[in-house]
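Here is the structure we will look at.
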Amino acid sequence: MLIGAFLLWLPLNGHAHQLKTALSTVVVNETSSELELTHRYYLHDVEHAVAHLFGDEADIFSDRAAQNKFAEYVHAHIRLKQPNGQLLTLRNAGARIHNPFFFVYQQSTLPDDTARLSMQNTVLRDVWCAQVNMVNFKVHNATRSLHFNGNDDWLSVNLEP
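The numbering of the sequence shown is the numbering used here, which starts it at 318 and goes up by one.
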């Protein structure tokens with residue numbers, strides 16, 4: 318009976334820590350006139366996603382090439398645009414593991430019109446339909462949030478105080 322209980326528990330345990338939730342923060346650095354984006358993913362989710370996206374041989378923990386590849390994947394799935402429709406140029410500013418998270422950093426020049434921005438965040442939503450990406454915009458000591466899930470495409474945030 319103990320063996321049967323263990324075998325039932327085993328498949329559930331492999332998925333127990335996959336949360337399929339990410340948190341991004343966009344900060345307006347008025348000193349440098351930069352937008353600073355920090356994307357935080359659960360390392361366990363990234364491990365499974367990397368195997369799905371790049372093959373089972375990719376090791377997100379020790380392989381810097383796999384880490385860079387995932388950072389580039391994130392970079393390709395995040396877009397920001399101004400109210401006039403002009404896309405902002407996002408620069409990949411690195412990535413790192415800080416257990417239990419995988420962080421990806423991006424930067425962009427602060428646009429002239431910061432009253433409103435639109436964002437597209439499809440990271441891991443092409444891997445899991447249940448993926449939820451939360452984004453907090455921190456501007457002028459206020460926080461505005463976007464919540465990407467399901468079929469959400471472009472969402473907008475008002476950045477005025």
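In this text, a Cβ means the ideal position worked out from N, Cα and C, and glycines have one as well.
Beta-carbon separation (whole angstroms), residue i vs residue j, contact threshold 8 Å
{"i": "valine 449", "j": "histidine 369", "result": "Valine 449 to histidine 369, Cβ: 17 Å. No contact."}
{"i": "glutamine 423", "j": "histidine 392", "result": "7 Å"}
{"i": "phenylalanine 420", "j": "threonine 355", "result": "6 Å"}
Short Cβ contact (9 Å threshold) for residue i with residue j
{"i": "asparagine 468", "j": "serine 462", "result": "no"}
{"i": "arginine 396", "j": "glutamine 335", "result": "no"}
{"i": "leucine 490", "j": "threonine 426", "result": "Limits of the chain in this structure are 318 at one end and 478 at the other, which puts residue 490 out of reach."}
{"i": "valine 474", "j": "arginine 433", "result": "yes"}
{"i": "valine 345", "j": "lysine 455", "result": "yes"}
{"i": "tyrosine 282", "j": "proline 417", "result": "Given a span of 318 to 478 for the chain in the structure shown, any question on residue 282 remains unanswerable."}
{"i": "leucine 353", "j": "alanine 412", "result": "Note on residue identity: the sequence assigns glutamate, not leucine, to residue 353. No, the Cβ-Cβ distance between glutamate 353 and alanine 412 is not below 9 Å."}
Limits of the beta strand (DSSP E) - the one that residue i falls within
{"i": "leucine 360", "result": "Run containing leucine 360: none in the beta strand (DSSP E); it sits in the alpha helix (DSSP H), 360 to 371."}
{"i": "alanine 339", "result": "338 to 346"}
{"i": "asparagine 468", "result": "Unbroken run through asparagine 468: none, as it is neither H nor E."}
Neighbourhood of residue i by C-beta, 7 Å cutoff - its chain only, sequence neighbours within 5 removed
{"i": "valine 367", "result": "Ala375, Ile377, Ala383 and Phe387"}
{"i": "asparagine 458", "result": "none"}
{"i": "aspartate 470", "result": "Gln437"}
{"i": "phenylalanine 371", "result": "Ala383 and Lys386"}
Cβ shell of residue i (< 6 Å), same chain only, five flanking positions each side left out
{"i": "threonine 460", "result": "Asn453"}
{"i": "alanine 339", "result": "Tyr358 and Asn450"}
{"i": "asparagine 435", "result": "The question names asparagine, but residue 435 in the sequence shown is serine. For serine 435, where only same-chain residues beyond five positions count, the Cβ hits under 6 Å are Lys398, Trp471 and Ser473."}
Close beta carbons around residue i, own chain, < 8 Å, minus the five adjacent residues each side
{"i": "glycine 321", "result": "In this prediction, glycine 321 scores a pLDDT of 41, lower than 50, which makes its location untrustworthy; no coordinate-derived value is stated."}
{"i": "isoleucine 414", "result": "Leu360, Ile377, Phe378, Gln384 and Phe420"}
>> Ignoring anything shorter than 4 residues, give me the alpha helix (DSSP H) runs that lie fully in the region 391 to 464, in order along the chain.
In response: none
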